[in-house]
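Notes for the one structure printed next.
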Amino acid sequence: MPIKELILASLLAVAVIPAAYSANPQPEPVSATSAASNAQEMTVDRFLKSLNFKTGKIVLNDNLATLDLPKEFVFLNSKDAERVLEAWGNPPSQNPPMGMVMPAGISPFERESWGMTVYYEKSGYVSDEDAADIDYADLLKDMQQDVRDGNKARQEQGYEPLELVGWAAAPRYDKEGKKLYWAQELKLGNDTEHGLNYDIRVLGRKGVLVLSFIAGMDQLPQIQKAHLPSWQ
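All letters in the sequence shown, in the order written, are residues -22 to -1, 1 to 210 by mature numbering (1 follows the signal peptide of the UniProt record, and there is no 0).
Written out as structure tokens, the structure reads:
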């Protein structure tokens, strides 16, 4: 798989944080048994107490990867991460994350909050030979069309349409570290404050470790400077 295909495939994991928070989690329920529906019936306090925040060294999926969290971060397992994503107003995912890293001591429903979902894509070896030749302006147009095409399904499920406004930070490839970075600026419905997806993809011999930040656009400088958890 070339890097261009890897970027296009990333749209499957796009998620957002709503621009405004209320006193209670306000997901858009899909069914009476969904995690989002359950969150809607809870107060914020009950919802937070139901989450199992972990700290320190986190082993993912039978030693697939290990995260070493500094004290300023906490981790939610796959189930709890998906519950928070749905409570933020995202549709249930057919490919839920292995977990999500969040800032310690900040409620997911506070304006300062953000999340970093963790995925592993068993895509096999990813060649980086095309990294220097990609036209990112043309690639952005393809991605924007893919997002527009996906809005029909979102709206049929009762979710607001999503717009890929553009690159929040131009894609760049760290050839030595085999890491691909890019950031997308997103607009949810009629929100005037735009969302941010900031992705780091670590290329391996058998697949790709995906770290995807979900935040507000104004948090981009903070995320770029953050002392990220180390992984192996």
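Just so it is clear, CB atoms sit at the ideal spot from N, CA and C, and this is done for glycine as well.
Subject >> Cβ neighbours of L181 in the same chain (closer than 6 Å, five flanking residues each side left out) >> reply: Position 203 of the sequence shown, counting from 1, holds the residue named residue 181. Once the five neighbours on either side are set aside, the close Cβ partners of L181 are V104 and K156.
Subject >> Residue(s) in a DSSP beta bridge with Q162 >> reply: If you number the sequence shown from 1, residue 162 lands on position 184. The partner list for Q162 (beta bridge, DSSP) reads W145 and N175.
**OP:** Compare the beta carbon distance of G67 and M80 with 7 Å and say whether it is the shorter of the two.
**Re:** Counting from 1 along the sequence shown, the entry for residue 67 is found at position 89. Counting from 1 along the sequence shown, the entry for residue 80 is found at position 102. Result no, Cβ atoms of G67 and M80 do not sit closer than 7 Å.
Original post:
Residue range of the beta strand (DSSP E) that L38 falls in?
Top reply: Within the sequence shown, numbered from 1, the residue matching residue 38 stands at position 60. Here the beta strand (DSSP E) through L38 covers K35 to L38.
Original post:
Would you say H59 and G77 are within 7 Å of each other, going by their C-beta atoms?
Top reply: Taking the first residue of the sequence shown as position 1, residue 59 is located at position 81. Taking the first residue of the sequence shown as position 1, residue 77 is located at position 99. According to the sequence displayed, residue 59 carries Ala and not His. Taking 7 Å as the Cβ cut-off, A59 and G77 qualify as a contacting pair.
**OP:** Helix, strand or coil for D46, going by three-state DSSP, please let me know.
**Re:** Along the sequence shown, read from residue 1 onward, the residue named residue 46 stands at position 68. D46: strand per DSSP, three-state reduction.
Subject >> From P86, V96 and V(-7), residue whose alpha carbon lies closest to that of S190 >> reply: Position 212 of the sequence shown, counted from the start, is the residue given in the question as residue 190. Closest option to S190, Cα to Cα, is V96.
**OP:** Please state if the CB of S101 and the CB of G185 are separated by a distance shorter than 7 Å.
**Re:** Walking along the sequence shown from the start, residue 185 turns up at place 207. Walking along the sequence shown from the start, residue 101 turns up at place 123. Yes, Cβ-Cβ distance for G185 and S101 is below 7 Å.
Original post:
Exposed or buried, S9, counting other C-beta atoms within 10 Å across all chains shown (16 or more means buried)?
Top reply: Taking the first residue of the sequence shown as position 1, residue 9 is located at position 31. For S9, the predicted structure reports a pLDDT of 40, less than 50, and the residue's modelled location is therefore unreliable. A value from the coordinates is still provided. Per the 10 Å Cβ criterion, exposed.
Subject >> Exposed unless 16 or more other CB atoms sit within 10 angstroms - verdict on Q197 >> reply: Taking the first residue of the sequence shown as position 1, residue 197 is located at position 219. The residue in question, Q197, is buried, as its Cβ has 16 or more Cβ neighbours within 10 Å.
Subject >> Buried versus exposed, by CB contacts within 10 Å (16 or more), V62 >> reply: Counting from one through the sequence shown, the residue named residue 62 turns up at place 84. Its Cβ being crowded by 16 or more others within 10 Å, V62 is buried.
Original post:
Taking just the CA atoms, how far does N39 sit from P75?
Top reply: Residue numbering aside, residue 75 sits at position 97 when the sequence shown is read from its first letter. Residue numbering aside, residue 39 sits at position 61 when the sequence shown is read from its first letter. Those two C-alpha atoms are separated by around 11 Å.
Original post:
Considering only C-alpha positions, which residue in the set N73, N168, E138 and I84 is nearest to F51?
Top reply: To locate residue 51, count along the sequence shown from 1; it is residue 73. Cα-wise, what sits closest to F51 is I84.
Original post:
Just the Cα atoms here: how many angstroms apart are F87 and R24?
Top reply: Within the sequence shown, residue 87 is the residue found at index 109, counting from 1. Within the sequence shown, residue 24 is the residue found at index 46, counting from 1. Between F87 and R24, the C-alpha separation is close to 13 Å.
Original post:
Which residues in the same chain as R132 place their Cβ atom closer than 8 Å to its Cβ, once the five residues preceding and following it in sequence are excluded?
Top reply: The residue given as residue 132 occupies position 154 in the sequence shown. The answer, listed in chain order, is P69, E138, P139 and L140.
Original post:
When the distance is taken between beta carbons, is M195 closer than 7 Å to L166?
Top reply: Here residue 166 refers to the residue found at position 188 when the sequence shown is read from its first residue. Here residue 195 refers to the residue found at position 217 when the sequence shown is read from its first residue. Cβ distance not < 7 Å, so L166 and M195 don't count as in contact.
**OP:** Identify which residue in E171, Y98, L117 and R179 has its Cα closest to the Cα of K153.
**Re:** If you number the sequence shown from 1, residue 153 lands on position 175. Closest option to K153, Cα to Cα, is R179.
**OP:** Note down the Cα distance separating D116 from Q122, rounded to an integer number of angstroms.
**Re:** On the sequence shown, residue 116 is found 138 positions in, with the first residue counted as 1. On the sequence shown, residue 122 is found 144 positions in, with the first residue counted as 1. When rounded, the distance between both Cα atoms is 10 Å.
**OP:** Could you tell me if Q162 is buried or exposed, where buried requires 16 or more neighbouring beta carbons within 10 angstroms of its beta carbon?
**Re:** As a position in the sequence shown, residue 162 is number 184, starting the count at 1. Looking at its Cβ environment, which holds 16 or more other Cβ atoms inside 10 Å, Q162 is buried.
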